[in-house]
Structures are given as structure tokens and as C-alpha cells.
Amino acid sequence: MNLPRSVKAVYSLYADGFRSMTVGRKLWALIIIKLIILFAILKVFFFPDILSINYSNDAERADAVRNELTGR
Amino acid sequence: MTDLLNLVDWSRAQFALTAMYHWLFVPLTIGLSLIVALMETIYVRTGNVKWKNITKFWMTLFGINFACGVATGIILEFEFGTNWSNYSWFVGDIFGAPLAIEGIVAFFMEATFVAVMFFGWNKVSRGFHLASSWLTAIGVSLSALWILVANAWMQSPVGMTFDPAQMRNVMTDFWAVALNPVAINKFLHAVFSGWALAGAFVVAVSCWLLWRRSNIEAMRRSLAIGAWVGAIGLLLTMWTGHGSAVQVARVQPMKLAAMEGLYNGGNGAPLVGVGILRSSDEIAAGGDPMLWSVEIPHGLSLMLDMNTTGYVPGINDIIAGKARGADGTEITTESYAERMVAGAEAKAYLARYNTARANGDSTAAAAYADSVAANFRYFGYGYLDSPEAAVPPVHLTFYSFHIMVAGGALLMLVFLAFILVYWRRRQMLEKPWLHIAGILSLALVYIVSQAGWIVAEVGRQPWVIQDLMPTGAAVSDVPVSSVQTTFWIFAVIFTGLLVAEASIMVKFINSSAKKNIETQN
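Those sequence lines, one after another, are chains A and B. So for the first sequence, my numbering puts the first residue at 1; every next one is plus one. So for the second sequence, my numbering puts the first residue at 1; every next one is plus one.
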């Protein structure tokens, strides 16, 4: 399949750029480690969206918050 | 109640920790993107390849900081869903819309043009590359705009109506939210302060390399640009800071009173230049709240009204129901005790609405919804135990504000000194004490920058949404121990990441000391 020249140019911009990185390799490693910690560990195990997991629809969530805010 | 306070304190501490960590990177990204674009503009206009290589040096530092800051703001959104679920639901789409726009803008503008900035040298035309650098700088600032629109709404809620059925605020006027004067001023203040911070960063790194007698010509040129951008940024920050004080006087008078340690106001209120507050107990016992101070007579009134006799209410006046009119005169409004009654009524009507709705009595529910709406303006006061509970931590707000102002003034002197030395006494740039002053300005600018956010966020306590929701109502019903656990997890992870990130930056700067930056590539 022949890709348009513009797509090839964009692809080579990114591919060559990533290949020639020096400091960037460490940074990408750091970013990936950070994202794994954030999304695969912290978000999954420590930061659930309480209203989303405890209630199945918006009406129930609204009731829950109304009960919370009138009960305090 | 003790458990709730404990929970609120830990949740706030965690949010403050993550927000302050996030704010280490954001202003440098904003300001350094501008400086890089300016340097590249000089290269394109002069064709001098030395400027191209200087641009690349600072662009790499921009890239390191950009990468280190990536996703640090996401954690705040995690905390909204877990620790602040009542708040998250209550704000509805008002908070969601600006944050969604920010996400899209950040992804498309920054991701696209940052890639061209770093990978596009020799691949795209000079003009296209320069345009990408400027669009990155603009994109970074536009991202900040939407975050600050959301933040400003919390400080001055506008353009919405409360729907008790959905139990959330519904946006009725997008433009009132987006063009909220508080938001516009806050945005400009934050962006200009980013210019000042990045200017100090460039000055500090340049001084570090000059101290090591490395890349002297390149660093002198960089230093001149850093000092100019820093000085202009700081001047504009001061101007918008004045605008911010005027806005705060209008929508958050209690915050202004705390910033100034002003308990008993009046006409021709003074501006505290430097001061020491007495302890909270001593202040509560009566007498002068200031142990020692240097004041500018009538300064606060002059700053707000351009009039030496304008009225500025103090903390005790605001609690008693005194306020500033639009023309700077004293007016009477609802006292905090009256607001607490209105808030308690709104809360009680909401409870009755809930019961009527559960019983299927739509007529009664509609009537109670109207009563909630009539008292909603002071809804949050219904959660307060006493009028004094609506007073922010005065000492922290006061000292943070004065550290910010004094530090900003000192920083301006540093920038002006470097500008003067560069243009008139360039041989002085060899003096080690000047290098040390430049390096220390980096610590100073971060202290000033963080102090500014402490004023903005601590000064509005107890409100998470001004007058509508205190932190005690916003927090989720989760175990304190879980918040404590995640607080320490964050503290450890953030410290580790910060050390790793700083070491990459320092290593790059030190490795550059062994090279000739101007002849690289």
C-alpha cells in the first residue's frame, strides 16, 4: 500500500526523532514509569471514583450526595 | 466531628502536596516556552547559528521540565473522585467542561507542536519550526487558561444555577464562566508569573555556567534574555497582582483582610509593608493584632480605590456584616450569623425536598426547591458552627502574602541589576558574588511562586466553593487512614521522582559545561 507523502513525512519526523534522542530516552523511561505508577497502581488500588463504583446511575449518585450534604 | 476535621485536614494536605508539586513544573513550562520561542526568533531573524544552538540548549531544558511535569496534574483529578466526591458531584459540568477543553487543547496543540520543536530541526522550514515553537508557547498558556477558569469559578461562582434534583450546579452561561473577571485576572497573573519564574531559571542556570567559566558568551546572551523576560514578566505580575487584589476585595473580602492581617477596618485603611502578627489567642483576647509593623498610611484604600479615604472592612467588620460598596464606601450587608441562618434554612429545605421527592409529592418538592433557591446564595454557611469558622488561617495567609510581595520586589531588583550590568558594566559578569546572587534567585522565585498559591488557596478557606460549600461538606466519607496512607505514598513517590527529574536536569546542565554550546550541531 502506498502511503501519501505527507503521512510518510510525519511518520519519519517522529521515527527519526525518537531514534536520535539522547536525554529524551531517559525522559521517556521516566514518563512511562510515572504513568504506570499513576494509572496501573494508584488509580486502580488507591483512588477509586467513589460515586461511580458505589452507585449505578446518576439519580442514585445525586441521592447519595443529597443525603450526605443534608446529613452533615 | 474530630474525625471529620482530621479527614478534612489530611485530604487538604494531600491536595496541597500534589498541587504544589504540580506547580513546580507548570510556571517553568509556561515561561521557558516563551524564552525558547524568543531565542529562536532571534536566530531566524539574524541567521546567526550560535542563536540556533543556544535555543537548542534551552529547548532541551524545556523538554526535561515538560516531561517531568507530564501527568502530575492528573493526580488532582484522581483526588477529586476519591477524597472530594461531594464536591466533584456538586460542581457538575462547570468544572468538567473547562478541564475537558484543557485536555483536548493540551493534547493536540502541545503534542503536535512540541514534536515539531524537538524533531523538526532540518526537517521542516525555519518558518514552520519557529511557528511551532510559538504555538507550543501559546498552547501551554491556553492550557493554563482553562484550569484557571475552573479555579476562578470556585473563588467566584458565576454562570450557573443549582438543581436540587440533580444535586449539582448546572452551567447556564458558558461565557460568564469563561470570561469571569477573576478568571481572566488569575490567568494573566499566573502566566506572567511563569515568565518571571522562567526568567529567574535562565538567569540562575546562566550564572551557574558562568561561575564554572563555561560557554561565557552564550550564557551572557541567555542571561540578558532571562533578565529581560523576568523583569517584564514580574512587572506584569505586579500589575495583575494589583488587579487580583481589587477582585479579591470585591468577591472575597475575608481573604483580603487575612492577607493584610486587618481585623478592624475603616476608612483610609493602611497597607502593611512588613509586620509580625500576635498569636491567635492574643488577637482573640482583643487589642492590636500587630505585634510590630511598618505600614503605609491609607495604602490599602489607595490601592483598591485610588482614593485615600475608601472603606476596607476587617475580619471583625465582615463577620458583623459590613462591606465595601462599589464606590468604596461602607455599606451594610448580611452578617455571618444571618448567613448561617440562611444557609441552615437552605439545608433544611433541601432535606425536606429530599423527603417530598422520596414520597412522590412533586408539588411539595417544587415548593421546597424554590425555598432552597431563595437561600442558596449562603448555602455553605449552613455547615459552619460559628461565624469565626469562616475566617481563614490568618497567620499563614498574611505571611505568605508578604513573603510573595517582598520576594517579588527583591527579585525585581535582581533582574534590574543583571540588566544594568549586562548593558553598562559587562565586565562585572565575571564576579562570583553576582553569579551566586543569580543562582540564589532560583530558590527565591520558587518560594515566591508557591507563596502566591498559598495565599490564593489558604486565603479562601474554609470555602472550596466561595459561600456555597466549605471543605467540611466537600470531603468524601472515606476512612482517614486511607487518606493518610495515600498521602505518604505520594510523598515518597513524589520525592523520588523529583530527585530523579532534578538529577537529569542537573546532569544535562553540567555536561553542557564541558561543551561549546554555540558550536554544537
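Using N, Cα and C, we set each Cβ at its ideal position, and we do this for glycine too.
- Residues of chain A whose Cβ lies closer than 8 Å to the Cβ of D385/B do not exist; the shortest such Cβ separation is about 11 Å.
- Considering only beta carbons, the part of the stretch 81-98 of chain B lying closer than 9 Å to chain A consists of G81, T82, N83, S85, N86, S88, W89 and F90, in chain order.
- Taking 8 Å as the Cβ-Cβ cut-off, the stretch 41-69 of chain A approaches chain B at L42, K43, F46, F47, P48, D49, I50, L51, S52, D58, R61, A62, D63, V65, R66, N67, E68 and L69, given in chain order.
- Counting along the chain, no alpha helix (DSSP H) covers G261/B, and no H or E run does either.
- By the Cβ neighbour-count rule, R5/A is exposed, with fewer than 16 other Cβ atoms within 10 Å of its own.
- Of all C-beta pairs linking the stretch 169-187 of chain B to the stretch 145-160 of chain B, three or more are shorter than 8 Å, placing the two stretches in contact.
- The Cβ atoms of A417/B and A437/B sit closer than 9 Å to each other.
- Contact of M20/B with chain A by beta-carbon distance below 8 Å is absent, the smallest such distance being about 17 Å.
- In the structure shown, T161/B falls within a strand segment according to DSSP collapsed to helix, strand and coil.
- By the rule that beta-carbons nearer than 9 Å mark a contact, P164/B touches chain A.
- In this structure V49/B is exposed. Its beta-carbon is surrounded by fewer than 16 other beta-carbon atoms within 10 angstroms.
- Around the beta carbon of G496/B, a 10 Å sphere encloses fewer than 16 other beta carbons of the protein chains shown; the residue is thus reported as exposed.
- Ranked by Cα distance from W58/B, the options Y87/B, L28/B and F78/B are led by L28/B.
- Interface residue (Cβ-Cβ distance to chain A less than 9 Å): E79/B is classified as such.
- As the crow flies, the alpha-carbon of E430/B is around 16 Å from that of A227/B.
- Residue-level contact by beta carbon holds for E501/B and chain A, with a gap shorter than 9 Å.
- Note on the stretch 21-58 of chain B: there is no whole alpha helix (DSSP H) run with a minimum of 4 residues.
- S222/B is positioned such that its CB atom lies closer than 9 Å to that of I54/B.
- Interface flag for K8/A against chain B is unset, since no Cβ pair is found closer than 9 Å.
- No Cβ of chain B is located within less than 9 Å of the beta carbon of R5/A.
- Within 7 Å of the CB of A71/B, the CB atoms of chain A belong to K34, L35 and L38, in sequence order along the chain.
- Scanning chain B for C-beta atoms nearer than 8 Å to the C-beta of Y14/A yields A115 and F119, reported in chain order.
- Going by beta carbons, Y381/B and A390/B fall inside the 9 Å limit.
- Chain-order list of chain A residues neighbouring D477/B: E68, by C-beta distance under 8 Å.
- Between T70/A and S335/B, the alpha-carbon positions lie close to 23 Å from each other.
- With a cutoff of 9 Å on beta-carbon distance, G343/B and Y399/B are scored as not near each other.
- In the three-state reduction of the DSSP assignment, P181/B falls in the helix class.
- I276/B has W292/B as its beta-bridge partners, per DSSP.
- Interface annotation, M160/B: not in contact with chain A, CB-CB separation never under 9 Å.
- Against chain A, a Cβ distance below 7 Å from L497/B picks out K34.
- Under a 10 Å Cβ-count criterion, F376/B is classified as buried, with 16 or more other Cβ atoms of the shown protein chains found around its own Cβ.
- Out of L302/B, E260/B, P289/B and D281/B, the CA that lies nearest to the CA of G268/B is found in L302/B.
- With respect to T82/B, S476/B sits close: the two C-beta atoms are nearer than 9 Å.
- Ranked by how close their Cα comes to the Cα of Q166/B, the residues N67/A, E68/A and D63/A have D63/A in first place.
- Fewer than three Cβ pairs drawn from the stretch 484-492 of chain B and the stretch 279-299 of chain B lie within less than 8 Å of each other, which leaves the two stretches out of contact.
- Across the structure, Y311/B and E295/B are spaced so that their CA atoms are roughly 17 Å apart.
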